[in-house]
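So the structure is just underneath, and the comments pick up after that.
Structure representation (structure tokens):
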């Protein structure tokens, strides 16, 4: 039997019948569409979604977004909250609507998060070229702006003819549901092809379940890895996002307790173990805790679980300083498992830990890190309550107030600026899904859009978006989407009048916070060192429809958060912080080059310090086995 449908109608019907299954739990692979309609998709995907909504079949919810980049962030937040087993599709018109998604695509692929993108494309027939918003390439007639998605996508296809659609959709689903391959999946749909009818076979629309397996490690690889770990004197575990995505927190807990090995975490892995677990030593690397970084410096064997070892995690390859340090990497992605010259254990994190634990034959390590952890926790307590009275609160105080207001299952969302560093050091995560800091791409503007996706993925949790004024000014409009959908979020808007993180980094590289303040430009100096700009972001949030609570002190914020939790709609809490009050440091480093020649004394001084730290960098080429 065949169904005569447009390409867009067939796409919607196909996606409505795709499911994932892991460990007996089955769910929709694509939970709905986010979209903004224009001439490229209004007659195609737009018509198909309307028809589905009016008829009730197939079930494919649609949500109107306000920014194309933001809706990819929303899909990424949703997918991460669902442990990459379910995501959302995004539809745009051609031209700027499509290219607005490029940043979101990069974010998803960098973070190994599945998102499904349908940018509309130019006419396949080319009957009236150039159409509105078409980029002409004099060298080729089959190139469009959508080709920019190729390097950003884990799967890319363009459907020039209706009969090409089945293979494109099946290829897209294969990559979306493969933990080792996933990322942004892009299927370009020319606007005329979207509306073109074709007779599709009934089999295309049958319910299809994509079984997400847990690849088991090779037994010989397990024994080799166990032999390396058994021979260690000062081992360290680095828990990455793969622990959380594979739902391996219970297995990691047992492994750590039985072996005694301390566990540091990455931004994506924070929460894999509760902050007060006896083996938890905090974040690792440039934004990590001093305790974890001291242990890393002396570790002779590092067991990385589900981490891709970004430069922040390795402190630009200065974190691991033992002259004979060896790495064992347990990762479902062979590319990540092989990093740092490691002995690779290619497997699902849960399956790998389950196999590795008995292979250690009861080997237990005794560490001397518990007193250091206790001292660090006392330092965090002080940072949470550092200032009193009428002083502007520090960012650390704000984090402390939010942390203490959160229930164990609540979620904090953040992405860029100085907040991720303070959060990795200071936030006390109690649940594997509580901490959602997008730091693979560190994309300003992710916070509110990502929080929307997280709340859609699990409405039972309170979701707190912590956003600085810089990120807020880049992308706040998805608050309108949340309000339209009746989705409650709590947005903590931290106003520090500029780019605090880059301001601090600018000083470190000798650039004197140049171009990092939101102030009037001075006619005398040509720099932004005049009075503060009279921008009222609280009033802006109010104009978008949010309930707004203005907070002056940390006590005000604590009281405001109580009111926000009791509210049934999106609430923004606006608080100004001291941009120059730094929290406790990581005792670590991040490699940002300094100008090798300069007339500025500050730059020359910074270069001296930079070259000193540069000497600590290592290549880590020693075989892990």
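In the UniProt record's numbering, the protein residues as written are 1 to 625. Even glycine gets a Cβ: it sits at the ideal position worked out from N, Cα and C.
Contact under 8 Å by Cβ, residue i with residue j
i	j	result
residue 450	residue 417	no
residue 320	residue 296	yes
residue 413	residue 454	yes
residue 133	residue 96	yes
residue 476	residue 443	no
residue 101	residue 31	no
residue 12	residue 61	no
residue 269	residue 239	yes
residue 521	residue 271	no
residue 176	residue 75	no
residue 482	residue 452	yes
residue 331	residue 306	yes
residue 131	residue 104	no
residue 282	residue 289	yes
residue 503	residue 605	no
residue 396	residue 386	yes
residue 398	residue 597	no
residue 624	residue 228	yes
Reference residue i; option with closest CA among the options
i	options	result
residue 249	374, 83 and 291	83
residue 107	201, 94, 459 and 79	79
residue 117	146, 608 and 262	146
residue 121	242, 492, 194 and 514	194
residue 186	210, 156, 165 and 198	156
residue 173	19, 536, 272 and 192	19
residue 530	429, 514, 536 and 545	514
residue 333	349, 322 and 63	349
residue 199	423, 428, 1 and 378	1
residue 345	244, 275, 293 and 220	220
residue 160	537, 168 and 93	168
residue 430	445, 405 and 440	405
residue 255	277, 267, 245 and 241	277
residue 91	436, 360, 63 and 351	63
residue 109	153, 144 and 140	153
residue 426	382, 448, 210 and 393	382
residue 586	81, 15, 285 and 262	285
residue 7	204, 209, 230 and 27	204
First and last residue of the uninterrupted alpha helix (DSSP H) at residue i
i	result
residue 370	370-384
residue 504	500-508
residue 253	249-259
residue 478	478-485
residue 605	601-614
residue 98	96-99
residue 45	45-55
residue 166	165-176
residue 304	Not the alpha helix (DSSP H): residue 304 falls in the beta strand (DSSP E), residues 301-305.
residue 395	395-405
residue 335	334-337
Whole-Å CB distance - residue i paired with residue j, under 8 Å assumed
i	j	result
residue 411	residue 487	Rounded, the Cβ-Cβ distance is 13 Å, inconsistent with contact.
residue 557	residue 401	5 Å
residue 318	residue 589	5 Å
residue 419	residue 468	6 Å
residue 643	residue 493	Because the chain here runs from 1 to 625, residue 643 falls outside it and cannot be looked at.
residue 547	residue 570	7 Å
residue 379	residue 584	6 Å
residue 192	residue 124	6 Å
residue 367	residue 342	Wrong, their Cβ atoms sit about 22 Å apart, outside the cutoff.
residue 437	residue 465	That belief does not hold up - the Cβ atoms of residue 437 and residue 465 are roughly 11 Å apart, past 8 Å.
residue 98	residue 119	3 Å
Residue i beta carbon near the ligand ATP (any heavy atom closer than 7 Å)
i	result
residue 257	Of the ligands one can find in the structure shown there are none, so the ligand ATP has no counterpart to examine.
N- and C-terminal bounds of the beta strand (DSSP E) containing residue i
i	result
residue 22	18-22
residue 88	87-92
residue 267	No beta strand (DSSP E) holds residue 267; DSSP gives it neither H nor E.
residue 345	343-346
residue 466	463-468
residue 294	Residue 294 -> not in any beta strand (DSSP E); alpha helix (DSSP H) instead, spanning 290-298.
residue 329	326-331
For residue i, the residue or residues it bridges with in DSSP
i	result
residue 199	4
residue 62	33
residue 245	According to DSSP, residue 245 bridges with nothing at all.
residue 283	265
residue 576	495
residue 445	The partner list for residue 445 (beta bridge, DSSP) is empty, contrary to what the question assumes.
residue 157	187
residue 144	Looking at the DSSP assignment, residue 144 forms no beta bridge with any residue, so it has no partner.
residue 121	190
residue 517	498
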